[in-house]
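Undergrad: Protein chains in written order, with the working numbering: chain U, 1 to 234; chain B, 235 to 434.
Here a beta-carbon is modelled for each residue, glycine too, at the ideal position from N, C-alpha and C.
Please read through the structure below; I'll follow up with questions.
Written out as structure tokens, the structure reads:
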């Protein structure tokens, strides 16, 4: 891609496909101005929601609060970084002013509780997590596939390098295997090189795999996996 | 726990919750404070629900999406970073992405009909849900900001945000070259941001 910066808007409103999203996530790790821009564009996008506000079904509240009762919040991610970047919360302050909050109050309350960390991409967070586990395989047809999973972050990242290009009208589809052994779609890749954050319940998954599917993907695998990782084996 | 389900919809104070309070509620959530989470839900759910329902369209699925998104918000509450935006936009980013992922997963099995999208989105009907809350000050301001966009910017942005389409699909629907849609989406957001005074 010649100008990846131009994807910031599409990224901010989730208008990228899985491959572009992973690519842009990688780009964000190294591009400070894109991180700032995405943050400000997300603030703008959030305003679109003003016009559609509506009361949710009352019964939903109890279900959501019940969910919270059964799961504990994750601990904050604290990743030491070489550059101790301290950014001024300009966006936050500006947005707070929009909703009519005094500036003095914002500086007092908007202090982040992880001042010496910078946000890493999801993929880097997973790879650098203290409990990250990695599985790798060389494929018979050439190339390698690696999946790295962190239970504490509850996420996994898939990387493929040098796989055969997928035939026209087909796509690589990724799968997460749930504890009941069913396979759920976890993402799509259109080329043999790529990085995808696996969608779904990665923390509890017992495996992950890759199949070739008709373009657009399938709700369940229609071909044998080219590669499969069993998370129960380390 | 108080039940605020009967609160009127789209009243200005729900449309414009003060960011600092939501941030401190999130901080309490991170320590496992369920009452704080209940209050966070009460103060954000109308907009979150609006996004989920409008993207998903199917109320039963929108409920699942909202449930999934709030569970994520609860779990990730300790990782909310005020340097990177307001609590409301943080939450809506989670809700929107969850909704869009769901729409795409569902439609991956039944290829989506772009022609249908072209017909329904090219001339969007003002919908009843939106009309109810247009009276609120914030909503009027946003409507005004949207009017400042070019037609192509507004259409591209709305197809992406409310339709859940990728920029490539948006290009197909609007019959513009691939590459044009992503630029229009970005330009539209920038103009929206600058008109609303959300500036870096």
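Would residue 217(U) be called buried (16 or more neighbouring beta carbons within 10 Å of its own) or exposed?
TA: The residue in question, residue 217(U), is buried, as its Cβ has 16 or more Cβ neighbours within 10 Å.
Undergrad: Give me the residue from 291(B), 276(B), 331(B) and 292(B) with the minimum Cα distance to residue 302(B).
TA: Answer by Cα proximity: 331(B).
Undergrad: Using 8 Å as the threshold, is the stretch 271 to 282 of chain B in touch with the stretch 28 to 39 of chain U, meaning 3 or more CB pairs across them?
TA: Output reads no: the stretch 28 to 39 of chain U does not touch the stretch 271 to 282 of chain B.
Undergrad: Which class does residue 324(B) belong to by DSSP, given the choice of helix, strand or coil?
TA: Note: residue 324(B) maps to helix in three-state DSSP.
Undergrad: From 418(B), 374(B) and 322(B), pick the residue whose C-alpha is nearest to that of residue 393(B); which is it?
TA: When only C-alpha atoms are compared, the closest one is 418(B).
Undergrad: Can you tell me whether DSSP reads residue 172(U) as helix, strand or coil?
TA: Of the three classes helix, strand and coil, the one that applies to residue 172(U) here is strand, per DSSP.
Undergrad: Go ahead and label residue 357(B) buried or exposed: buried means 16 or more other beta carbons lie within 10 angstroms of its beta carbon, across all protein chains shown.
TA: Summary for residue 357(B): the model assigns pLDDT 43, below 50, so the residue's position carries little reliability; its value from the coordinates is reported in the next sentence. So residue 357(B) counts as exposed.
Undergrad: What does the alpha-carbon distance come out to for the pair residue 8(U) and residue 29(U)?
TA: Distance between the alpha carbons of residue 8(U) and residue 29(U): 13 Å.
Undergrad: If contact means a Cβ-Cβ distance below 8 Å, which residues of the stretch 31 to 48 of chain U contact chain B?
TA: Flagged, chain order: 35, 36, 37, 39, 40, 41, 42, 43, 44, 45, 46, 47 and 48.
Undergrad: Quick check: what's the CA-CA separation for residue 326(B) versus residue 141(U)?
TA: C-alpha separation (whole angstroms): 42 Å.
Undergrad: Against residue 339(B), what residues of chain U qualify as contacts under a CB-to-CB distance less than 7 Å, listed in chain order?
TA: Under the 7 Å cutoff, chain U gives 185.
Undergrad: By DSSP, does residue 293(B) sit in helix, in strand, or in coil?
TA: The answer is helix: DSSP assigns residue 293(B) an H, G or I state.
Undergrad: Tell me which residues of the stretch 8 to 26 of chain U have at least one Cβ-Cβ distance to chain B shorter than 7 Å, keeping chain order.
TA: Going along the stretch 8 to 26 of chain U in chain order, one finds 8, 9, 10, 12, 13, 14, 15, 16 and 17 with a Cβ nearer than 7 Å to chain B.
Undergrad: Of all the options 287(B), 408(B) and 288(B), which has the alpha carbon lying nearest to the alpha carbon of residue 387(B)?
TA: Residue 408(B) is the option with its Cα nearest to residue 387(B).
Undergrad: May I ask you to list the residues that DSSP assigns as paired with residue 136(U)?
TA: Paired residues: 146(U).
Undergrad: Using a Cβ-Cβ distance cut-off of 7 Å, determine whether residue 326(B) contacts chain U.
TA: Interface residue, yes.
Undergrad: For a contact meaning CB atoms closer than 9 Å, what does residue 144(U) contact in chain B?
TA: Those within 9 Å of residue 144(U) in chain B number zero; the least Cβ separation is about 26 Å.
Undergrad: Thinking residue 334(B) and residue 398(B) are a contact (beta carbons under 8 Å), I'd like their distance in whole angstroms, please.
TA: That belief holds up - the Cβ atoms of residue 334(B) and residue 398(B) are roughly 4 Å apart, short of 8 Å.
Undergrad: In the DSSP assignment, find the unbroken beta strand (DSSP E) run with residue 211(U) in it and report its ends.
TA: Run containing residue 211(U): 207 to 214, per the beta strand (DSSP E) assignment.
Undergrad: Taking Cβ positions only, does residue 66(U) come closer than 7 Å to chain B?
TA: Chain B, which has no Cβ nearer than 7 Å to the Cβ of residue 66(U), makes this no.
Undergrad: Grab the span of the alpha helix (DSSP H) containing residue 381(B) for me, first residue to last.
TA: Per DSSP, residue 381(B) belongs to the alpha helix (DSSP H) from 371 to 381.
Undergrad: Counting along the chain, where does the alpha helix (DSSP H) carrying residue 185(U) start and finish?
TA: Run containing residue 185(U): none in the alpha helix (DSSP H); it sits in the beta strand (DSSP E), 183 to 189.
Undergrad: Tell me the residue span of the alpha helix (DSSP H) that contains residue 35(U).
TA: Run containing residue 35(U): 32 to 48, per the alpha helix (DSSP H) assignment.
Undergrad: How many angstroms separate the CA atom of residue 406(B) from the CA atom of residue 179(U)?
TA: Taking the straight line joining both Cα atoms gives about 40 Å.
Undergrad: What does residue 251(U) reach in chain B if we use C-beta pairs closer than 8 Å?
TA: Outside the displayed span of chain U (1 to 234) sits residue 251(U), for which this structure offers no information.
Undergrad: Between the C-alpha atoms of residue 129(U) and residue 197(U), what's the straight-line distance to the nearest angstrom?
TA: Distance between the alpha carbons of residue 129(U) and residue 197(U) is about 15 Å.
Undergrad: Answer with buried or exposed for residue 233(U), where buried requires no fewer than 16 other C-beta atoms within 10 angstroms of its C-beta.
TA: With fewer than 16 other Cβ atoms within 10 Å, it is exposed.
Undergrad: Given that a residue counts as buried once 16 or more other Cβ atoms are within 10 Å of its Cβ, and exposed if not, what is residue 213(U)?
TA: So residue 213(U) counts as buried.
Undergrad: Could you please give the first and the last residue of the uninterrupted alpha helix (DSSP H) stretch that includes residue 4(U)?
TA: Looking at the DSSP string, residue 4(U) is not in any alpha helix (DSSP H), and its letter there is neither H nor E.
Undergrad: Taking 7 Å as the cut-off, decide whether the C-beta atoms of residue 313(B) and residue 77(U) are in contact.
TA: A contact, by the Cβ cut-off of 7 Å.
Undergrad: Quick check: what's the CA-CA separation for residue 207(U) versus residue 318(B)?
TA: Cα to Cα, residue 207(U) sits roughly 33 Å from residue 318(B).
Undergrad: Can you tell me which residues form a DSSP beta bridge with residue 161(U)?
TA: DSSP output for residue 161(U) lists 144(U) as bridge partner(s).
Undergrad: Apply the 10 Å Cβ neighbour rule to residue 336(B) and answer buried if 16 or more other Cβ atoms are within range, or exposed otherwise.
TA: The residue is buried, with at least 16 neighbouring Cβ atoms inside 10 Å.
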